[in-house]
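2 protein chains.
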Amino acid sequence: MHNINTQHDHQHCIDEALHSARELCQQRQLKFTKIREQVLVTIWASHKPVGAYAILEELAKEALRRPAPPTVYRALDFLLDNGLIHRISSLNAFVGCNEPGHTHQGHFLICRHCQVAIELDTQLIYPAISAAAGQQSFVVDTASLEVVGSCAHCVEARHHV
Amino acid sequence: MHNINTQHDHQHCIDEALHSARELCQQRQLKFTKIREQVLVTIWASHKPVGAYAILEELAKEALRRPAPPTVYRALDFLLDNGLIHRISSLNAFVGCNEPGHTHQGHFLICRHCQVAIELDTQLIYPAISAAAGQQSFVVDTASLEVVGSCAHCVEARHHV
DNA sequence: ACGCTAATGCAATATTATAACATTATATTC
DNA sequence: GAATATAATGTTATAATATTGCATTAGCGT
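Here it is in structure tokens:
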């Protein structure tokens, strides 16, 4: 995975996310409507989790009439249901999914300084989760991990303060 | 760890939680006030995460005048700060901590059927988290894991439906 | 065009959480 | 014990997040 904090071609992230979304919707015979696209693009504007009402503000800029909250929440539900975004519940915010379609798993490192959320490869943590659940005969549906701390970039920057 | 779903002496859980809390507060020269105790007891009434407003309802029963939300939230903040409870952010709810004082880590298996939250020994998962964070040179402050699924008890029960 | 379904619009409201300031209780010092 | 400082709680209002219920519109197959 590339390091989000260093320079990267973010337009590429956005393009890829849009492409994946369109492809996934076509495969599943779902409609990638304008609102859903706008919401996804807004979320992918950065690697920082975005709140529903912040998304609403963005939609308001582009629409003639200001949309109501359900408009945003319905689009978010659609994107969540199809594994195109993740909800970071400790922040009440949403962030793009790196591997769309693989719903119900989201493991993130969240920087408390720059707010960037780095998605981890599920395989790094899931075996441990699965083993721990297995010990309790617990059947896992979804597992979300939210690690808060300082990303490499911000740690480095703070050394030079 | 005992299995919460089977019969267990829950009064023992409550007593132990209260005892630990008093001890910890004494050690740290903190005040374990009546409100804080009431909130902790309400949370420990079960192993199910409880919402702030549900706690408020409980306090209302015992008080002459109905307390306002900040009363509850301040007590919750105190208990969180001192590692006596955990916040389950995916549920906006609070649950007792098995090992008070070790703040900032909460790894839970949450049953979608009976709502019981089983706290995992941090050592089961933390090494994997630490390794994954290390790969990204990310410095971890807190790590919360919320696994949703079916506990052994409910899986068993459902086989007999 | 007709009827069906999914998507969106819209108004109201529910739920969760905090800000700001007043008051009371507790502890400490003199 | 009175004076003072600090922490805790009371109180009012409001912010922030999310949902319900119903009306309307858009797209699709016939």
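Line by line, the protein sequences are chains L and Y. Using my numbering, the final residue of the first sequence is 174, and nothing's skipped along the way. Using my numbering, the final residue of the second sequence is 174, and nothing's skipped along the way. Where a beta carbon is used, it is the ideal one built from N, C-alpha and C, also for glycine.
Are residue i and residue j closer than 8 Å when you measure CB to CB?
i, j, result
"Y:Pro93", "Y:Val85", "It is worth fixing the name first, because residue 93 of chain Y is Leu in this sequence and not Pro. No, the Cβ-Cβ distance between Y:Leu93 and Y:Val85 is not below 8 Å."
"Y:Glu132", "Y:His120", "yes"
"Y:Ser103", "L:Ser143", "no"
"Y:Asp37", "L:Leu158", "Note that residue 37 of chain Y is Leu in the sequence shown here, rather than Asp. Result no, Cβ atoms of Y:Leu37 and L:Leu158 do not sit closer than 8 Å."
"L:Val52", "L:Ala88", "yes"
"Y:Asp154", "L:Val161", "yes"
"L:Leu43", "L:Asn95", "yes"
If you draw a straight line from the alpha carbon of residue i to that of residue j, how long is it in whole angstroms?
i, j, result
"L:Cys164", "L:Lys61", "13 Å"
"Y:Glu169", "Y:Thr46", "42 Å"
"Y:Asp28", "L:Leu137", "38 Å"
"Y:Gly64", "Y:Pro82", "12 Å"
"L:Asp7", "Y:Ala141", "Past the boundaries of the shown model lies residue 7 of chain L; chain L is included only from 14 to 174, so the question cannot be answered."
"Y:Glu50", "Y:Cys124", "27 Å"
"L:Glu112", "Y:Arg41", "46 Å"
"Y:Ile56", "Y:His166", "22 Å"
"Y:Cys26", "L:Leu97", "41 Å"
"L:Gly114", "L:Gln20", "27 Å"
"Y:His126", "Y:Arg35", "33 Å"
Give the range of the alpha helix (DSSP H) segment to which residue i is assigned.
i, result
"L:His120", "No alpha helix (DSSP H) contains L:His120, which is instead part of the beta strand (DSSP E) from 118–124."
"Y:Leu31", "23–41"
"Y:Gly147", "135–148"
If you follow the beta strand (DSSP E) that residue i is in, where does it begin and where does it stop?
i, result
"L:Leu69", "Run containing L:Leu69: none in the beta strand (DSSP E); it sits in the alpha helix (DSSP H), 65–75."
"Y:His99", "98–101"
"L:Asp154", "152–163"
"L:Glu132", "130–132"
"Y:Ala58", "Counting along the chain, Y:Ala58 falls outside any beta strand (DSSP E), and DSSP gives it neither H nor E."
"Y:Phe91", "Per DSSP, Y:Phe91 belongs to no beta strand (DSSP E); it is in the alpha helix (DSSP H), 82–94."
"Y:Val174", "It is not in any beta strand (DSSP E) - Y:Val174 carries neither H nor E in the DSSP assignment."
"L:Phe45", "Unbroken run through L:Phe45: none, as it is neither H nor E."
Query raised in the report: Quick check: the stretch 104–116 of chain Y against the stretch 143–152 of chain Y, are there 3 or more CB pairs under 8 Å?
Result: no
Query raised in the report: Residues in the stretch 150–164 of chain Y with C-beta within 7 Å of chain L's C-beta atoms, listed in sequence order?
Result: Ser150, Phe151, Val152, Val153, Asp154, Thr155, Ala156, Ser157, Leu158, Glu159, Val160, Val161, Gly162, Ser163, Cys164
Report task. With 9 Å as the limit, tell me which residues of the stretch 121–135 of chain Y have their beta carbon closer than that to any beta carbon of chain L; keep them in chain order. Result -> Leu122, Cys124, Arg125, Ile131, Leu133, Asp134
Query raised in the report: In chain order, what residues of the stretch 19–39 of chain Y put their CB closer than 9 Å to some CB of chain L?
Result: none
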